[in-house]
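Novice: Sending over a structure as structure tokens; questions will come in a sec.
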Amino acid sequence: MIEDIQEVFYSEAQLQEIVARLGAQISEDFKDKNLLLVSVLKGSVVFMADLMRHITIPCKIDFLTASSYHDNTVPTDEVKITKDLTIQDIQGYDILIVEDILDTGRTLQRLSGILQHKGANSVTICTLLDKPSRRDPSVTISAKYIGATVRNEFVVGYGLDFAQKYRNLPFIGILKPEIYENAVQ
Ligand code: IMP
Ligand code: MG
């Protein structure tokens, strides 16, 4: 698996620094709020697990799955919620959406709208990575908490996948071009 990586973008140590910084900032900003962390599966699961351990105030967690990509690097227009939250009534919660990467922004635009519509007290976005060069012009949401801004390159590891693989790499990197070229789409 590791032999498929061309370049490491963020090492394990750098990722730990990022989550510590974000966790401290979130703990301060939400100290008088009713914090509910909502992890967008599957990509944010590693980030969520690390981030929540750097949050020092009481909070609850929940998970949902939204699918906008199939097993390739080309986005589809449709954003589908394939697994909803288990907390039924989100009224009164200050939701922090925990996402792996903000790319076109269409997924989080849709999710923020749905959570707001269901009566959340507030909806804020925390993304490990932001790829602003890819943003869809129709997208109006933005992330308040950003781990790092990346250039327009497809990254894997630390939860992020290519065709469902590489999520278990402990760092973030880019794949060798031949991996995409040889992939069955
Ligand atoms: P958006 O709706 O285009 O912002 O899609 C965001 C989702 O696409 C992320 O949560 C990822 O699951 C996936 N994605 C976007 N860019 C990458 C990447 O570079 N590597 C892996 N997954 C990505
Ligand atoms: Mg995702």
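If you count by the working numbering, then the sequence shown holds residues 292 to 476, one letter each, in order. Here a beta-carbon is modelled for each residue, glycine too, at the ideal position from N, C-alpha and C.
1) Nearest-angstrom Cα distance between Asn443 and Asp323?
2) Which runs of the alpha helix (DSSP H) at least 4 residues long sit entirely within the segment 292-361? Give them in chain order.
3) Please find out if some non-hydrogen atom of ligand 1 comes closer than 8 Å to the beta-carbon of Thr395.
4) Spatial neighbours of Thr377 within its chain, please: C-beta separation below 7 Å, excluding the five flanking residues on both sides.
5) Measuring straight from C-alpha to C-alpha, what distance separates His361 and Asn412?
6) Which partner residues does Ala411 have in the DSSP bridge list?
7) To which residues does DSSP link Leu419 through a beta bridge?
8) Confirm, please, whether the CB-CB distance from Gly464 to Ile346 is below 9 Å.
9) DSSP three-state call for Glu444: helix, strand or coil?
10) Spatial neighbours of Ala311 within its chain, please: C-beta separation below 7 Å, excluding the five flanking residues on both sides.
11) Name the two residues that bound the continuous beta strand (DSSP E) containing Ile465.
12) So, are the CB atoms of Ile392 and Leu355 less than 9 Å apart?
13) Per the contact definition of three or more C-beta pairs closer than 8 Å, is the segment 423-435 in contact with the segment 379-386?
14) Taking Asp394 as the reference, which of Phe462, Lys435 and Arg425 has the closest Cα?
15) Rounded to whole angstroms, what is the Cα-Cα separation between Ile416 and Ser403?
16) With a threshold of 9 Å between beta carbons, is Asn325 in contact with chain C?
17) Does the distance from the CB of Leu406 to the CB of Val336 come in under 9 Å?
Specialist: Let's see:
1) For this step, residue 443 is matched to residue 152 along the sequence shown. For this step, residue 323 is matched to residue 32 along the sequence shown. So the alpha carbons of these two residues sit roughly 37 Å apart.
2) 303-320 and 336-343
3) In the sequence shown, counting from the first residue as 1, residue 395 sits at position 104. Yes - ligand 1 has a heavy atom lying nearer than 8 Å to the Cβ of Thr395.
4) In the sequence shown, the residue the question calls residue 377 occupies position 86. Around Thr377: Asp353.
5) If you number the sequence shown from 1, residue 361 lands on position 70. If you number the sequence shown from 1, residue 412 lands on position 121. With a pLDDT of only 48 at His361, under 50, the local geometry of the prediction cannot be trusted, and the value read off the model is given with reservation. Taking the straight line joining both Cα atoms gives about 32 Å.
6) Within the sequence shown, residue 411 is the residue found at index 120, counting from 1. Beta-bridge pairing links Ala411 to Gln382.
7) If you number the sequence shown from 1, residue 419 lands on position 128. None, per the DSSP bridge assignment.
8) Numbered from its first residue, the sequence shown carries residue 346 at position 55. Numbered from its first residue, the sequence shown carries residue 464 at position 173. Not in contact: Ile346 and Gly464 (Cβ atoms no closer than 9 Å).
9) Counting from one through the sequence shown, the residue named residue 444 turns up at place 153. Correct three-state label for Glu444: coil.
10) Stepping through the sequence shown from its first residue, residue 311 is reached at position 20. Cβ neighbours of Ala311 beyond the five flanking positions: His345.
11) Within the sequence shown, residue 465 is the residue found at index 174, counting from 1. First-last of the beta strand (DSSP E) with Ile465: Ile463 to Leu466.
12) The residue you call residue 392 lines up with position 101 of the sequence shown. The residue you call residue 355 lines up with position 64 of the sequence shown. It is not a contact, given that the beta carbons lie outside the stated cut-off.
13) no
14) Residue mapping note: residue 394 aligns to position 103 of the sequence shown, counting from 1. The shortest Cα separation from Asp394 among Phe462, Lys435 and Arg425 belongs to Arg425.
15) What you label residue 416 is simply residue 125 of the sequence shown in a count that begins at 1. What you label residue 403 is simply residue 112 of the sequence shown in a count that begins at 1. Between Ile416 and Ser403, the C-alpha separation is close to 8 Å.
16) In the structure shown, chain C does not exist; there is a single protein chain.
17) Translated into the one-based positions of the sequence shown, residue 406 becomes position 115. Translated into the one-based positions of the sequence shown, residue 336 becomes position 45. No, these two residues do not count as a Cβ contact at 9 Å.
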